[in-house]
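Numbering (the working numbering), first residue to last: 507 to 843.
Here it is as C-alpha cells:
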C-alpha cells in the first residue's frame, strides 16, 4: 500500500482533481477475473480528454490513510511532537498534490520542494524551541515520503534538534528501526500503518486479525495508537492530507454525464458500455471493483487490467480506452494546469 514506489508520471496531459480526494486501497496479488457484476443497463462509454477529475467517495468505501507522524516513544518529547504536529496542521490533500507535482512533474528535489513549501506556508512560525539532541527521520523509498521527511526535518530543526533524513526503504525495514530507536521519526499513513501494526502484534499463528482501519479517522487513529503502544511507537496529530486510492474519469466524461461522485457514477453509468481500469488484482479487492459493487452498486461491462494508478491507467483514461480508472489521490499529476 503506502510502501509502494511512487509511479512515474506519464505525459498524458494536464489533470485536475475535483470533489474530495478520498480513498485507500488494500492491495493484493491474485486474480484478474472480474466478479459477476450483473451489468444490464446501457452504461457510459469512455470519453477521451486531456484532464481528469477524481470522483468523491461519498459513501466512504476507502479507509482513512491520512499522513501522520510516527515517533519512537522514547523520543516523543513535547517539543518534538509539537513540531511534527505543525507539519500536520500545514497539510491537506491539495497541498500534498502540489508538493508531489513539484518533485514528480517539475523535477525539483524533495529537499527543495519542502523548503519552498515551508517558506510559503510559514511552517516554522510558532514552533516551540528547546529541543536538544540528534534526530534521524526515516523516509520510505518513494518521493512523497521523502518530501514529507524533509518537512519534518525543517520543523524539527526549528525546534532546536540536529536533524538528518535517511532513506531506508519499505515499511518492513523502517518499522523495526523505529521500534529500536535507530530512527526516531517516520512520516506514516494512518490506515495502512494501523493494519500493519495490528497484524504484527495481534497475529495468532497463521491467522491474520481483522483490520482495525476504518473510514472514520478517529477510529483508525485510536486503533493505531493502541497497536503502537505495544511496540513502543507513538503518533502525532493526523493531517488532513490523504494518499489513498481514488477513482477518476476525464473531465469531458464528467461533464457529459454530470457526475462528480461515485454515487452519481453508479446511478448513471452502471451498464455494459462502462469500462473500469486498474491493477490486475482490482476485481476481487474490497477497496477496488468488488467494493464499488458492494458499496455503490456500480456494475461495469468490462474490466481492463492495467497498472496501479500509473501511466497505463492515466493514458487509458485520456485516450478514451476506459471510462473510470484507479488513481492515487495525492498524485502530482492531479494538479491543475
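The C-beta atom is built at its ideal place from N, Cα and C for all residues, glycine as well.
Remember, it's a predicted structure, so these values are computed and weren't measured experimentally.
Quick one: Cα of residue 768 to Cα of residue 802, how far? The alpha-carbon separation between residue 768 and residue 802 amounts to approximately 7 Å.
So, at 7 Å on beta carbons, what are the nonlocal neighbours of residue 459 in its own chain, with the 5 sequence-adjacent residues on each side left out? Since the displayed the chain opens at 507 and closes at 843, residue 459 lies outside it and no answer follows.
Do the segment 718-736 and the segment 691-708 touch if we need at least three Cβ pairs shorter than 8 Å? With the rule of 3 Cβ pairs closer than 8 Å, the segment 718-736 counts as touching the segment 691-708.
Is residue 667 helix, strand or coil when you go by DSSP? Coil at residue 667, not helix or strand.
What span of residues does the alpha helix (DSSP H) with residue 604 cover, start to end? Run containing residue 604: 599-606, per the alpha helix (DSSP H) assignment.
Within 10 Å of its beta-carbon, does residue 626 have 16 or more other beta-carbons around it, so buried, or fewer, so exposed? It counts as exposed.
Would the segment 797-812 and the segment 569-577 be scored as touching if the rule is three or more Cβ pairs under 8 Å? With a cut-off of 8 Å, the segment 569-577 and the segment 797-812 do not count as touching, because too few Cβ pairs lie within range.
Does DSSP put residue 679 in a helix, a strand or coil? Looking at residue 679 - three-state DSSP - the assignment turns out to be helix.
Out of curiosity, what's the CA-to-CA distance linking residue 783 and residue 586? Those two C-alpha atoms are separated by around 43 Å.
Determine whether the beta carbon atoms of residue 664 and residue 630 lie at a separation below 7 Å. Yes; because the gap between Cβ atoms is below 7 Å, this pair is in contact.
Ignoring anything shorter than 4 residues, give me the alpha helix (DSSP H) runs that lie fully in the segment 701-743, in order along the chain. Listed in chain order, they are 723-735.
First and last residue of the uninterrupted alpha helix (DSSP H) at residue 797: From DSSP, the alpha helix (DSSP H) with residue 797 extends over 795-802.
Are residue 656 and residue 669 closer than 7 Å when you measure CB to CB? Not a contact, by the Cβ cut-off of 7 Å.
Rounded C-alpha distance that separates residue 723 from residue 561: Each residue's alpha carbon lies about 20 Å from the other.
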